[in-house]
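**Student:** In my numbering, the protein residues as written are 1 to 466.
Ideal Cβ positions, reconstructed from N, Cα and C, are used throughout, including at glycine.
These figures come from a predicted structure and were not determined experimentally.
Submitted below is the structure of interest, expressed as structure tokens.
Here it is, written out as structure tokens:
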């Protein structure tokens, strides 16, 4: 029986393990799959915790339905009927700029009447239609792209908040091709973003009138989706389907060695396992440590992927203490604002049953690539900082009845300029070692959808090579 070892216990590892088992079963292939997780729990950064009636998400709070793989995975697991779409309120998103919360526009009319961007800034965005396509195929920073095509104000009030909200990143360092490949492709294919929007909107209308199903041309689309008991339902179900006998928790892999006869030896403190294939579903820095003894060049490349720290702060309030309207997704902060948080999600407005009746749950993020030093603050200092931000932005002065602080010292991989070229080198080097595979959000997307899509690709690759 061929053996596959998967090191790591997050969504990448679990989805890959499950898909390998299912594909092997459907093709009558004898395949053993073992998952090795150093922590005593499975799920990685996906962790949904019930805290005094509140549901606090330690990491991501769901996935978008704009890509098929996660929905397919849920269907295979029998979870389709349990999927919980975000409330319509979640379509209302805000940016805090110049001391005011501004609702993000949804259409051209709202854009023209919206107060977030000045008329001068709107004219800069409009002139994007006449900005020539960049000839160079070399990567550039997200900030350079935004300045070149949209102007400084759009960078500060639209692009930078988005960068912080998705990647906890610094747009001056973030790779356009790595972080937003679709935006890069639109410029290359259509000559600009507005030109692309006009052509795709026209195409969408033609297809719609012809009765064809087409994705919306206006951005990534999709609905944020989770489960009534949190996104951890997905990783728990994967773990159950894989089987407890195939998952080893609480045991750190101390070494990974190639054997003289081919294959791999996985060394724990007190045990050793053999595998024909090894899938490293660990963060890039952990994978670097594991491969260093036999692949120092690969390790060096992996070490070039940096991670930003992030603190997640959940605050629960009695709704009678909140005077402002919290029907919406939440807000991000424009670049240059003195308030040192990335933004706040109004979790109890996004999904039902995230807070007890009559209660409200907020979730604030801080730190990231721009303000990593904030993770050095004590819990009490972080709590005060977050409460001060709510007082300034939302005029909330009441004390929360629930406070939970979760720290991620190495939270989100930062796709810096040149990331796609770096990943190509990493994969080229890894391919020199038969049976070695890499699957983690450090390479081709940081979200749940990206991790699951990569799991499908790697599972297909491993099965095809048997």
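Who does residue 4 pair with in a DSSP beta bridge?
**Tutor:** 33 and 277
**Student:** Output the boundary residues of the alpha helix (DSSP H) element that contains residue 26.
**Tutor:** 11-26
**Student:** Could you give the distance in angstroms between the alpha-carbon of residue 296 and the alpha-carbon of residue 408?
**Tutor:** 27 Å
**Student:** Hey, quick one: how far does the alpha helix (DSSP H) through residue 449 stretch, first residue to last?
**Tutor:** 448-464
**Student:** Short of 7 Å in beta carbon distance, which residues of its chain neighbour residue 456, apart from the five on each side in sequence? Order them along the chain.
**Tutor:** 19 and 69
**Student:** Beta-carbon within less than 7 Å of residue 143's beta-carbon, same chain only, minus the 5 sequence neighbours each way: which residues are those?
**Tutor:** 155, 171 and 172
**Student:** Scan the stretch 322-371 and note each continuous alpha helix (DSSP H) run of 4 residues or more that stays entirely inside, going in chain order.
**Tutor:** 347-350
**Student:** Assuming residue 507 is part of the alpha helix (DSSP H), what are its boundary residues?
**Tutor:** For the chain, the structure presents residues 1 to 466; residue 507 sits outside this window and is missing.
**Student:** Thinking just about the alpha-carbon of each residue, which of 85, 335, 100 and 122 is nearest to the one in residue 109?
**Tutor:** 122
**Student:** Which value, in whole angstroms, describes the spacing of the CA atoms of residue 216 and residue 248?
**Tutor:** Below a pLDDT of 50, predicted positions are generally treated as unreliable, and residue 216, at 47, falls in that range; the measurement from the model is reported next regardless. Each residue's alpha carbon lies about 43 Å from the other.
**Student:** Quick test of your reading: residue 16 and residue 29, contact by CB under 8 Å. State the CB separation rounded to the nearest angstrom.
**Tutor:** Their Cβ separation, rounded to whole angstroms, is 15 Å, which puts residue 16 and residue 29 out of contact at 8 Å.
**Student:** Give a yes or no on contact between the stretch 157-170 and the stretch 423-442, applying the rule of three or more CB pairs nearer than 8 Å.
**Tutor:** no
**Student:** Going by CA-CA distance only, name the one from 265, 282 and 51 that's closest to residue 276.
**Tutor:** Per the Cα distances, 265.
**Student:** Is residue 132 buried or exposed, if buried means 16 or more other CB atoms sit within 10 Å of its CB?
**Tutor:** exposed
**Student:** Pick helix, strand or coil for residue 410, following the three-state DSSP scheme.
**Tutor:** strand
**Student:** If you check the beta carbons only, do residue 365 and residue 326 fall under 8 Å apart?
**Tutor:** no
**Student:** Suppose the cutoff is 6 Å on Cβ atoms and the five residues either side in sequence are ignored; what does the same chain contact list for residue 196 look like?
**Tutor:** 186 and 190
**Student:** Does DSSP put residue 117 in a helix, in a strand, or in coil?
**Tutor:** coil
**Student:** Tell me which residue opens and which closes the beta strand (DSSP E) that residue 140 is part of.
**Tutor:** Taken as a continuous stretch (DSSP letters only), residue 140 belongs to no beta strand (DSSP E), as it is neither H nor E.
**Student:** Ignore the nearest five residues each way along the sequence and tell me which others in residue 1's own chain have a CB closer than 6 Å to its CB.
**Tutor:** Within the same chain, residue 1 has close Cβ partners 30 and 32.
**Student:** State the DSSP-derived secondary structure class of residue 265, mapped to helix, strand or coil.
**Tutor:** strand
**Student:** If you pair each beta-carbon of the stretch 306-320 with each one of the stretch 391-407, do three or more pairs fall below 8 Å?
**Tutor:** Result yes; three or more Cβ-Cβ pairs closer than 8 Å.
**Student:** In chain order, what residues of the same chain lie with their CB nearer than 8 Å to the CB of residue 64, ignoring the 5 residues before and after it?
**Tutor:** 220, 221, 222, 223, 224, 225, 447 and 449
**Student:** Pull up the distance between the alpha-carbon of residue 35 and that of residue 41, whole angstroms please.
**Tutor:** 12 Å
**Student:** Residue 402 and residue 316 look like a contact to me (Cβ under 8 Å); what is the Cβ gap, rounded to whole Å?
**Tutor:** Rounded, the Cβ-Cβ distance is 3 Å, consistent with contact.
**Student:** Taking C-beta to C-beta, are residue 363 and residue 51 nearer than 8 Å?
**Tutor:** no
**Student:** Mind checking which residues open and close the alpha helix (DSSP H) that includes residue 386?
**Tutor:** 379-394
**Student:** Could you check the C-alpha separation between residue 38 and residue 166 for me, to the nearest Å?
**Tutor:** 27 Å
**Student:** Jot down the residue ranges of each uninterrupted alpha helix (DSSP H) in the stretch 157-200, minimum 4 residues, whole runs only, in chain order.
**Tutor:** 160-167, 176-179 and 181-190
**Student:** Just the Cα atoms here: how many angstroms apart are residue 213 and residue 66?
**Tutor:** Residue placement at residue 213 is poorly supported in this model, since its pLDDT is 47, which falls under 50; the coordinates still yield a value, given next. Approximately 13 Å, taken between the alpha carbons.
**Student:** DSSP on residue 106, reduced to helix/strand/coil?
**Tutor:** coil
**Student:** Helix, strand or coil: which one does DSSP assign to residue 488?
**Tutor:** It is not possible to answer for residue 488, since the shown part of the chain is limited to 1 through 466.
**Student:** If you drop the 5 nearest sequence neighbours on each side, which residues of the same chain put their C-beta closer than 8 Å to that of residue 300?
**Tutor:** Excluding positions up to five away in sequence, the list reads 288.
**Student:** Cα-Cα, which of 267, 168 and 100 is closest to residue 394?
**Tutor:** Taking only the C-alpha atoms, the option nearest residue 394 is 100.
**Student:** Could you tell me whether the Cβ atoms of residue 473 and residue 82 are closer together than 8 Å?
**Tutor:** Here the chain has residues from 1 to 466 only, and residue 473 is not among them.
**Student:** Buried or exposed: where does residue 182 fall if 16 or more other Cβ atoms within 10 Å of its Cβ makes it buried?
**Tutor:** The residue is exposed, with fewer than 16 neighbouring Cβ atoms inside 10 Å.
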